[in-house]
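Quick notes on the structure that follows.
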Amino acid sequence: MSDWETLLRRARIPKRYWNIRVSSNNEHRKEVRAFVRFLPVELAKGRGLFLLGSSAHLLNSYMAVVARSAIRRKYLTHWLTSTDLRDAILSRGRIRLDENWSVDEYAREVHVLCIADLGEEHRDDNWLAQFRNLIRTRSHYQKITVLASEISVDHMSKHYTAPFVSFVNDNFLIANID
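Using my numbering, the first residue of the sequence shown is number -17, and each one after it goes up by one.
Here is the structure:
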C-alpha cells in the first residue's frame, strides 16, 4: 500500500472515491473548484462548503475532491456520515475511533471534516442545535466543514428550520451540484 493510499484510508474516504474525477460544467461546480483552489484562504476564514444536489454519488464525488486536495496540502482530514456523527455526539464520547479519540473529539480537531448525507432523519431541533455548536467551534478555530445533502437550494427552508438555514447562509459557501 502506498503512502497516498494510507492517507486516504486514515481519512476514511470510501475507496470508490479515491481515484474519481469530476468535470466542471456549470457555475456552481466552478465555485467548488475555486473553493478547492483557495482552500488555505477558506481555512483561515473558517468558512465551510455546503454541497446540494439530487445525486448522492455526485455530491460525494465533489466532497472527495475537496478531501483529497486537503490531504495533498497536509491538512488533517476526516470523512464521516451524518449518522455516525449524530450517534457519536448523542453518545457523549462513548463511540471511539481508537483508544485515544472519540468520534466527536476527532470531529472537533481535524482541519477538514467531510460530512456525507446530511439526511432528513437528522433535522430535529435537538440534533441541529448540537450540530450548530460543533460547526461554530470548528469555524472559530479556523477549520473547514464540508457538508452534502440531497436537497435543492430552493427547498432548504422546507427541510431545515429557519435558524439553521440562516446559520448555513452565514457560515458556508452553498453550491448546488445539478
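We treat Cβ as the ideally placed atom computed from N, Cα and C, and that holds for glycine. All figures in this text were calculated on a predicted structure; none of them were measured in a lab.
DSSP-derived helix/strand/coil call for residue i
| i | result |
| --- | --- |
| A46 | helix |
| S148 | helix |
| L41 | helix |
| H60 | strand |
| N108 | helix |
| S84 | strand |
| I133 | coil |
| I156 | strand |
| I(-5) | coil |
| I97 | strand |
| V14 | helix |
Span separating the alpha-carbon of residue i from that of residue j
| i | j | result |
| --- | --- | --- |
| P145 | S(-16) | 45 Å |
| D136 | A98 | 20 Å |
| R68 | Y44 | 22 Å |
| N151 | W83 | 31 Å |
| R3 | D66 | 26 Å |
| H93 | I53 | 10 Å |
| V161 | N108 | No answer is possible for residue 161: it lies beyond the span of the chain, which begins at -17 and ends at 160. |
| Y(-1) | A(-7) | 12 Å |
| H39 | L25 | 25 Å |
| G35 | I117 | 21 Å |
| H141 | D160 | 18 Å |
| V147 | S139 | 6 Å |
| N158 | V14 | 10 Å |
Segment limits, beta strand (DSSP E) that includes residue i
| i | result |
| --- | --- |
| H141 | Where H141 is concerned, there is no enclosing beta strand (DSSP E), although the alpha helix (DSSP H) it sits in stretches over M138 to H141. |
| G30 | G30 to L34 |
Beta-carbon proximity of residue i to residue j, cut-off 8 Å
| i | j | result |
| --- | --- | --- |
| T59 | A49 | yes |
| F149 | F32 | no |
| Y62 | E132 | The sequence shown places Leu at residue 62, not Tyr. Not a contact, by the Cβ cut-off of 8 Å. |
| T127 | L95 | yes |
| L129 | G30 | yes |
| R114 | R90 | no |
Residue i - containing alpha helix (DSSP H), residue span
| i | result |
| --- | --- |
| V23 | L21 to K27 |
Answer yes if the region 65 to 75 comes into contact with the region 9 to 28, meaning at least three C-beta pairs across the two stretches below 8 Å, and no otherwise. no
Is it true that the region 85 to 92 meets the region 14 to 31, where meeting means three or more beta-carbon pairs spaced less than 8 Å apart? no
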